[in-house]
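By numbering that gives the first Met the number 0, the letter at position 196 of the sequence shown is numbered 195, and the numbering carries on one by one without gaps.
We put the CB at the ideal spot given by N, CA and C, even for glycine.
None of the values given here were measured: they were computed from a predicted structure.
See structure below.
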Amino acid sequence: MRRPRGRPAQGTGVTREAIVATALALLDEKSEGGEGGRGLSMRALAARLGVTPMSLYHHIGDHAGLLRAVSDEVYASVLEGIETGLTCRAEIREILIRYHDAVCRHPQLTLAIFATPRAFAGVTRRITDRLTGLLRAMTTAPELWRDILIDHAHGSGLPFAHNDHAGALPAPDDSAYRQALDCLLDGLAAPRSPAGRNFPGTA
0 MRRPRGRPAQ
10 GTGVTREAIV
20 ATALALLDEK
30 SEGGEGGRGL
40 SMRALAARLG
50 VTPMSLYHHI
60 GDHAGLLRAV
70 SDEVYASVLE
80 GIETGLTCRA
90 EIREILIRYH
100 DAVCRHPQLT
110 LAIFATPRAF
120 AGVTRRITDR
130 LTGLLRAMTT
140 APELWRDILI
150 DHAHGSGLPF
160 AHNDHAGALP
170 APDDSAYRQA
180 LDCLLDGLAA
190 PRSPAGRNFP
200 GTA
């Protein structure tokens, strides 16, 4: 009996875990002239794995499905094991520090998700929803503050996506990010600026 076209032969097939790990490696490649996120095509991934592109669709779906699977793997730790009983501010801070760390480690993944809106689902959606819920308890403009805080994490981590030479840039300065994040969160908690004007969404 002939196996369906594109399906790997029994005993030689690629696993979902191998697909995700190899896709992440392709995204992270920083050799001179590398394409990063732009180089993550189903064809390139299949060639790296030594399988047909159709076998990837069987395991992972389309390109957006591939990015969702990779992002679920990378960002899973952002929401896992957060200490119970934290204040809203403390939990927001912890989530954003973890998210910033993931963006710094895999900036090309973030850029690839930007370029593929359908990939925004799963864990990335849950992170966004959790931040929105926490901010709703602190401000009348939770979506605005969520976007400010997430954009700040991106702005701090994404410059490392444009390095064509592995190791050419120093490691991200996490202490500087945390200091700036604390300033933003202090601004959210403080009802008035030095000029006496309200911050967005504060009383």
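Whole-angstrom C-beta distance between residue j and residue i, which should lie under 8 Å
i	j	result
Ala152	Val102	6 Å
Leu26	Leu108	5 Å
Leu48	Val13	5 Å
Ala17	Leu66	No, Ala17 and Leu66 are not in contact; Cβ-Cβ is about 16 Å, not under 8 Å.
Ile147	Leu183	7 Å
His99	Tyr176	6 Å
Thr127	Ile112	So it is not a contact: roughly 12 Å between Cβ atoms.
Pairwise C-alpha distance: residue j and residue i
i	j	result
Ile96	Asp185	15 Å
Arg42	Tyr74	25 Å
Val50	Ala114	26 Å
Asp71	Ala189	34 Å
Glu82	Ile91	12 Å
Leu133	His105	26 Å
Arg135	Leu78	18 Å
Cys87	Thr131	11 Å
Thr138	Arg145	10 Å
Leu85	Pro52	46 Å
Glu93	Leu23	24 Å
Ala179	His57	44 Å
Asp181	Gly80	22 Å
Residue i (DSSP reduced to helix, strand or coil)
i	result
Glu82	coil
Phe119	coil
Ala136	coil
Ala142	Reading off the sequence, residue 142 comes out as Glu, not Ala. Note: Glu142 maps to helix in three-state DSSP.
Gly156	helix
Leu25	helix
Thr127	helix
Leu14	Checking the displayed sequence, the identity of residue 14 turns out to be Thr instead of Leu. If DSSP states are grouped into helix, strand and coil, Thr14 belongs with coil.
Thr109	helix
Val73	helix
Val50	coil
Gly60	coil
Leu39	coil
Ala189	coil
Cys182	helix
Val19	helix
Buried or exposed by the 16-neighbour rule on C-beta atoms within 10 Å, applied to residue i
i	result
Pro158	exposed
Pro116	exposed
Gly60	exposed
Gly154	exposed
Gly156	buried
Leu44	buried
Ala46	exposed
Leu143	exposed
Residue i Cβ short of 7 Å to the ligand ATP heavy atom set
i	result
Asp61	With respect to the ligand ATP, the structure shown offers nothing to examine, as it has no ligands at all.
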